[in-house]
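What follows is a single structure, written as structure tokens, with notes after it.
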Amino acid sequence: MANIFPKWSNTVPLKIIFAVLLLGGAITAGVTYYFTPKYSRVGYMPIQPVAYDHSLHVDQLGMDCRYCHTYVDRSEHANIPDAGTCMNCHNQILPDSPKLAPIRASYESDQPVEWVRIHKTPDYVFFNHAVHVNRGVSCVECHGQVNEMKEVFHAKDHSMTMCLECHRNPEKFVRPLDKVYDLDWKAASEEAQLKLGKKLVHEWDINPPESCSGCHR
Amino acid sequence: MTNLEQSTTERPAILDEVKPAELPRRELVANNRSFGWITDIICGIVEQKTPTWWWVCFIISGFIATFTGMGLLYLVSTGVGVWGLKNPFGWGWAIVNFVFWIGIGHAGTLISAILCLLRQKWRTSINRAAEAMTIFAVMCAGIFPLFHVGRVWFAWWLFPLPNSNSIWPNFRSPLEWDVFAVSTYFTVSLLFWYMGMIPDLATIRDRAKSKIRKIAYGVLALGWRGSNRHWSNYEMAYLLLAGLSTPLVLSVHTIVSFDFAAANLPGWHTTIFPPYFVAGAIFSGFGMVLTLLLPLRAIYGLHDLITQYHIDCMCKIVLATGSMVGYAYAMEFFIAWYGANPYEGFAFVNRAFGPYAWAYWIMISCNVISPHLFWFKKIRENTWFVWIVSIIVNVGMWFERFVITVTSLANDYLPSSWDYFSPTIVDIFTFFGTFGFFSVLFLLFLRFLPLMAFAEIKAVSPQADPHKH
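Protein sequence lines correspond, in order, to chains A and B. Numbered according to this note's numbering, the first sequence spans residues 60 to 276. Numbered according to this note's numbering, the second sequence spans residues -4 to 464.
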């Protein structure tokens, strides 16, 4: 029988194995980096109709989160305020600022300001804001230091890993109830947090669900 | 040297007086066929012009396979509810069909691994086709649990792969063990099948006339030249794979049975399940081997390679495993009574005389009564009869899985949740289509790959031992 394969075909299997390993490695690395929430969500900062500056309102003026997000401790949904809430102050302060024109328009027309949504939990996840903030989980754990943001952006990745980290080890995250809206608060040290956390978890009988149906009902 | 001569020349006188009974071994290749004839007939199947019957069967099978395709498409676009699954039937035909196909897939590796280690030479004529059957049956089986997860694109979550959801398989679940048992079994069976084929593929390559065939079979034959070194490596690899797959033959169906036995349901929670399932799997697998090989023997004129002896051996295995299954049915009833657990007792009385009694008695007549026909030589020698019984065996084994799955789910501890299971049309279409899918794959195997391990058949044929040593 004549040789149907040239001599170089001897090394082809080895080359194929090498290429598959290389390609497999590249695909795995690429997917891990580009296709996970850490890349696809973090840093999302859409342009809003009004450039609301959280750092000015919270850090400089000392407003509480709940002044605007009124129902966060009473409802599963943390509401975005309507223009009326803004106008409580802004009918006195900077009443003619051109930056606030959309707020005034909304106030007069009863049409809501079209804010661009940043944090979106998928519809197959049940997340209840009130349950979390009333058991010592601060806003900062999921939304980052909004009090320092000039414009709001997606600071944390909101992956299921993030949920489970806390659900598996709540003592690392819970804090006293009067510090929930104090986004700058931190326990004195890691040990102090663990000690406090364990105490709170025990006192409040915190037992976060880890089964699928805890959140995917 | 002198000693040796003495020992041969000085025969003990007593031996001339005793006349040992003649017990000739039955020949594995009939009519003293030559090596050339064996090569020609098996390679001829691949080399001849595609027969008309092949095209007819292929097109019909392809059409039937579309039923599975449509059923699955409908399921994926709608949801698993289209399978007649509702409380209390979290599992219905899906698991029945899975266990049915995976059971059929047991004969291949049993023939190639266990019978190899036990030096059953008759396996050489049937092992290749049985291994192909195994692989295709496992593929059919895999469809059902795969699509039972609903969102099939997340099926990779079954494997322990790190992901951004921080979820990990539950290793305490028998369903997870199934994933590993079945995927290991499939991989090892595929390797075993392919490796065994290399020398035969090389023969087809050497006989090839067209350029495309030369290259295609050349690639598949992996540069096999049939040198001594090749053969010695091959034999060692074959033995190692046989050793590796032997525990798999037993473990796969044991773990499949754990899907049931590890649950607390009356009728499922029994220790007899693993051996009983393994026996049933081999029973159905050999049934399927007979169903497939007897027509092929007639079509391709392989009577000299699959002799009456081969059929006898297979029938006897069907008889033995069928008896084990029958024993298990009886023992389940005995233990249900002897265990004095009222729920267990009810589960079995309900099986035999409850709403599914019709299925139970189909199962009993197919699995317990029909294999006992093989006690009779006359019946084993009637190919038509053997073929029909082999089909009945698999009908019975499907009903066995149906009875086990559905009766226990339908009537468990809590009468308020009792219900009667009926499959939907989607269930029926999806299952029906898998036979087409299986046939398509098997027909392609017939057309393009060597049907029998002819390199090995030659070694066990009378021609390989002309001096009768």
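C-beta: ideal position from N, C-alpha, C; glycine also. Keep in mind the model is a prediction, meaning the values are calculated, not measured.
- Annotation: the continuous alpha helix (DSSP H) that includes residue 354/B extends over 352 to 359.
- Pairing residue 167/A with residue 158/B, the inter-Cα distance amounts to about 49 Å.
- The region 56 to 65 of chain B and the region 428 to 448 of chain B touch, with no fewer than 3 CB-CB distances between them shorter than 8 Å.
- Here residue 84/B is bridged, per DSSP, to 81/B.
- The straight-line gap separating the alpha-carbon atoms of residue 214/B and residue 94/A is approximately 37 Å.
- If you check each beta-carbon in the region 202 to 224 of chain B against every beta-carbon of chain A, the ones closer than 7 Å belong to 209, 210 and 213.
- For residue 248/A, no chain B residue has a Cβ inside 7 Å of its Cβ, as the nearest lies near 26 Å away.
- Here the alpha carbon of residue 184/B sits roughly 20 Å from the alpha carbon of residue 197/B.
- Scanning 58/B, 306/B, 54/B and 219/B for the CA closest to the CA of residue 64/A turns up 219/B.
- By the Cβ-count criterion, residue 411/B is exposed, with fewer than 16 other Cβ atoms from all chains shown falling within 10 Å of its own Cβ.
- Distance between residue 305/B and residue 113/B, taken at the CA atoms: about 16 Å.
- One Cα belongs to residue 241/B, the other to residue 316/B, and the distance between them is close to 17 Å.
- As the crow flies, the alpha-carbon of residue 443/B is around 6 Å from that of residue 41/B.
- Residue 358/B and residue 215/A have their C-alpha atoms spaced approximately 59 Å apart.
- Looking at the backbone, the Cα of residue 174/B and that of residue 159/A are separated by about 60 Å.
- Secondary structure of residue 246/A (DSSP, three-state): coil.
- Sorting 54/B, 172/B, 327/B and 74/B by C-alpha distance to the C-alpha of residue 248/B places 172/B at the top.
- One alpha carbon belongs to residue 377/B, the other to residue 288/B, and they sit about 14 Å apart.
- A residue is called buried when at least 16 other Cβ atoms come within 10 angstroms of its Cβ; residue 15/B does not meet this threshold and is exposed.
- Spatial neighbours of residue 260/A in its own chain (CB-CB distance under 8 Å, excluding positions within 5 residues in sequence) are listed in chain order as 229, 230 and 233.
- Annotation: residue 88/B to residue 90/A spans about 37 Å, alpha carbon to alpha carbon.
- Taking a Cβ-Cβ cut-off of 7 Å, the neighbours of residue 64/A in chain B comprise 213, given in sequence order.
- Residue 165/A is classed as buried because its beta carbon has at least 16 other beta carbons within 10 Å across all chains shown.
- A contact between stretches requires three or more CB pairs, one per stretch, nearer than 8 Å, and the region 271 to 284 of chain B meets this requirement with the region 112 to 130 of chain B.
- Not a single CB atom of chain A sits nearer than 8 Å to the CB of residue 165/B.
- Restricted to the region 174 to 223 of chain B, the alpha helix (DSSP H) segments that are unbroken, complete and at least 4 residues in length are 206 to 215, listed in chain order.
- Of all C-beta pairs linking the region 146 to 159 of chain A to the region 178 to 195 of chain A, fewer than three are shorter than 8 Å, placing the two stretches out of contact.
- In this structure, residue 161/A and residue 172/A form a Cβ contact; the two beta carbons are roughly 6 Å apart against a cut-off of 8 Å.
- Think of a sphere of 8 Å around the beta carbon of residue 219/A: the chain B residues whose beta carbon falls inside it are 159, 160, 161 and 162, in chain order.
- Here the alpha carbons of residue 101/B and residue 244/B stand approximately 6 Å from one another.
- In terms of beta-carbon proximity, residue 96/A lines the interface with chain B, with at least one pair separated by less than 8 Å.
- Below the 9 Å Cβ cutoff, chain B contributes 160, 161 and 162 as neighbours of residue 223/A, in chain order.
- Annotation note: the region 65 to 121 of chain A contains the following uninterrupted alpha helix (DSSP H) runs of length 4 or greater, listed N- to C-terminal: 71 to 93 and 96 to 99.
- Taking the C-beta atoms as reference points, residue 169/B is found nearer than 8 Å to residue 257/B.
- Taken atom to atom, the span from the alpha-carbon of residue 110/A to that of residue 78/A is near 50 Å.
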